[in-house]
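Participant: Here it is: the structure, laid out below.
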Amino acid sequence: MTSSLSLYAPRESGLHRLHPLTKLTSALLGVVAGIALPGVWPNYAVFLLLLVPLAAWARVLPDFGRVVIKIALPFALSLFVIQGLFWTGGTPVVEIGPLSFKAEGLYFAAKTTGRILVVMGSITLFVLTTRPDQLMIALNQRGIPKTFTYVLVSAIQLVPRFQAKANAILDAQRARGLETEGGFVQRIRALLPVSIPLVLGSIVDVEERSIALEARGFSHEGPKTSYQVLVDTPIQRVARPVMMLGAVALIVGAIFVW
Amino acid sequence: MDRLRKDFTTITWVMIPVAIAINMALGFLVFSLKIPILYLDTVGTVLVGLLCGPLAGALTGALSNFAWGLFGNPGYVPYFPVAAVIGLLAGLFGQWGWYKKWWLWIFGGGLITAVAGAILSAPINAYLQGGVTGSGTDVLVAAFRAGGASILQASFLQGLVTESVDKVANYAIVWAIVKALPVRFLARFPRYENVRSD
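Protein chains in written order, with this note's numbering: chain A, 1 to 258; chain B, 1 to 198.
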């Protein structure tokens, strides 16, 4: 059920074998840590000493590195340039012609880049090592209604198909003489002849899907059985509440201590 | 409250993932056509808000951002409250009959959503990403910062500019889509009264 466009990377690793909720909890802990930790160095330490080794253990280090760099680099560049140069009332450190880099701006850029690395890194590591359908089953078992998880699973399956359809419609319209390069207005006008057929075409099967779901007892109340079995160990069952407490402690620390 | 629960029929539950997929497909389309300023990634959200009510719209928005995360764009994930509010507003505007007057829907709906979106996303952007977007619109951020605006203000102003254009376009596309849909299909949605022309 995974597609080439979804981020999940199937590997044989201990991290992959962990229960999905354990990974979700640790991702949440990572996000909270990225936001709550003070200063510059703690976030970089968490990233280099915790997230990167975990990615290596999960054998997804190349994918991890690629995604994180692709996301963090534009922000880092913008941060250092914009906040470094235009920090209001800052102390200049490096001069470049009429402008100068301010120390406070550079410090802010370094701190925020560290935060981005940890927050996005945690989410990315979670997505790389968690099978979406297993996550949905785990959530179902904890009480999240089936309708919610159906929606996400269905969306994940539909997205690559829709993108392929959008490309196909784009090519078809181009073959009919649609101009898609050139000026701004030109390209805007190219949008409607592609988006309208895409949406209308996909809405046709909305009716059929709802009939199919009804025929499978979708809106029927009551428990349903699952084909997949998820493995949960006692250590993980203890680790999850501990991680939640850790997240709360970080938040308390961020508000009251530092 | 009961009205909101009745909004979630089977067709609503089927429409939501389709809307999420529409959001992502159009977002990618805009990206590959290299159109600046526009994102067009909330067309599905607004559509569901209009046809299935505010709560369904809010859910579509929030889940869309998580779906982006699953597809390799974790940067979207923290903004899910903004997307939820966009869906909520679309549902409210539909409920108030704004769709029936095209100018009210496209400009009233679009611009109010833009302002709300800019107000809500500025603090998230300022806190998590230091007020920059990592894309071409950072030129605006730089200009506002050079003019003395705080990080929060610069982020809000940048958001206001881009969102105004983008959300009006979103609402316009939704209007065009609903106009093109057959009545037989529209009549099955819980909020059909929002769009029927009597």
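Just so you know, even glycine gets a beta-carbon here, dropped at the ideal spot from N, CA and C.
Quick caveat: nothing in here was measured; it's all calculated off a predicted structure.
#1: Considering only the alpha carbon of each residue, which of B:Ala187, B:Met15, B:Ala122 and B:Leu33 lies closest to A:Leu213?
#2: Give the single residue among A:Val194, A:Phe47, A:Thr91 and A:Arg189 whose Cα lies nearest to the Cα of A:Ile123.
#3: Pick out the complete alpha helix (DSSP H) segments inside the region 101 to 156 of chain A, 4 residues or longer, and give them in chain order.
#4: So, A:Leu128 versus A:Val60, is the Cβ gap smaller than 7 Å?
#5: Counting along the chain, where does the alpha helix (DSSP H) carrying A:Glu214 start and finish?
#6: Going along the chain, which residues of the region 72 to 95 of chain B sit with their C-beta nearer than 9 Å to a C-beta in chain A?
#7: Can you find the residues in the same chain that come closer than 8 Å, C-beta to C-beta, to B:Arg191, ignoring five residues on each side of it along the sequence?
#8: Residue range of the beta strand (DSSP E) that A:Pro92 falls in?
#9: Just to confirm the assignment, what range does the alpha helix (DSSP H) spanning B:Leu33 have?
#10: Mind listing, in chain order, the continuous beta strand (DSSP E) runs of no fewer than 3 residues lying wholly within the region 8 to 96 of chain A?
#11: Can you list the residues of chain B that A:Thr25 reaches, using a CB-CB cut of under 8 Å?
#12: Quick one: is B:Arg145 near chain A, going by C-beta distance under 7 Å?
#13: Who are the Cβ neighbours of B:Arg3 in its own chain at under 6 Å, not counting the five residues just before and after it?
#14: For my contact list, A:Ile196 and B:Ala172 are in at a C-beta cut-off of 8 Å; report their separation, rounded to the angstrom.
#15: Looking at A:Ala155: is its Cβ nearer than 7 Å to the Cβ of B:Ala21?
#16: Using a Cβ cut-off of 7 Å, which residues of the region 69 to 84 of chain A contact any Cβ in chain B, in chain order?
#17: Which residues bound the alpha helix (DSSP H) around B:Lys167?
#18: Taking DSSP's pairing of strands, which residues face A:Leu99 in a bridge?
#19: Mark A:Arg17 as exposed unless 16 or more other C-beta atoms lie within 10 angstroms of its C-beta, in which case mark it buried.
#20: Determine, for B:Val18, whether the minimum Cβ-Cβ distance to residues of chain A falls below 7 Å.
#21: By the three-class DSSP mapping on this structure, what secondary structure does B:Asp2 have?
#22: Give the straight-line distance between the Cα atoms of A:Ala103 and B:Phe31, rounded to the nearest whole angstrom.
#23: Under 8 Å by Cβ, that's how I've got A:Thr88 and A:Ala239 pegged, so tell me the actual separation to the nearest angstrom.
#24: Compare the C-alpha of A:Gly114 against each of A:Ile255, A:Gly97, A:Val40 and A:Phe256 and name the closest.
#25: Can a CB atom of chain A be found closer than 7 Å to the CB of B:Val46?
#26: Nearest to B:Pro36 by CA position, among A:Val185, A:Leu192, A:Ile69 and A:Met136, is which residue?
#27: Run through DSSP, which three-state label would A:Ser3 get?
Facilitator: Checking against the coordinates, here is how it stands:
#1: B:Met15
#2: A:Phe47
#3: 103 to 129 and 132 to 141
#4: yes
#5: Phe184 to Ala215
#6: Gly72, Asn73, Pro74, Gly75, Val77 and Pro78
#7: Asp7, Leu50, Leu51, Cys52, Gly53, Gly91, Gly94 and Gln95
#8: Pro92 to Ile96
#9: Looking at the DSSP string, B:Leu33 is not in any alpha helix (DSSP H), and its letter there is neither H nor E.
#10: 92 to 96
#11: Within chain B, no residue comes near A:Thr25; the closest Cβ sits about 16 Å away, beyond 8 Å.
#12: yes
#13: none
#14: Not confirmed; about 12 Å, so no contact.
#15: yes
#16: Ile71, Pro74, Phe75, Ser78, Leu79, Ile82 and Gln83
#17: Ile151 to Ala180
#18: A:Ile96
#19: exposed
#20: yes
#21: helix
#22: 35 Å
#23: In fact, because the Cβ distance is near 45 Å, the residues do not count as touching under 8 Å.
#24: A:Val40
#25: no
#26: A:Val185
#27: Summary for A:Ser3: the model assigns pLDDT 37, below 50, so the residue's position carries little reliability; its value from the coordinates is reported in the next sentence. Coil.
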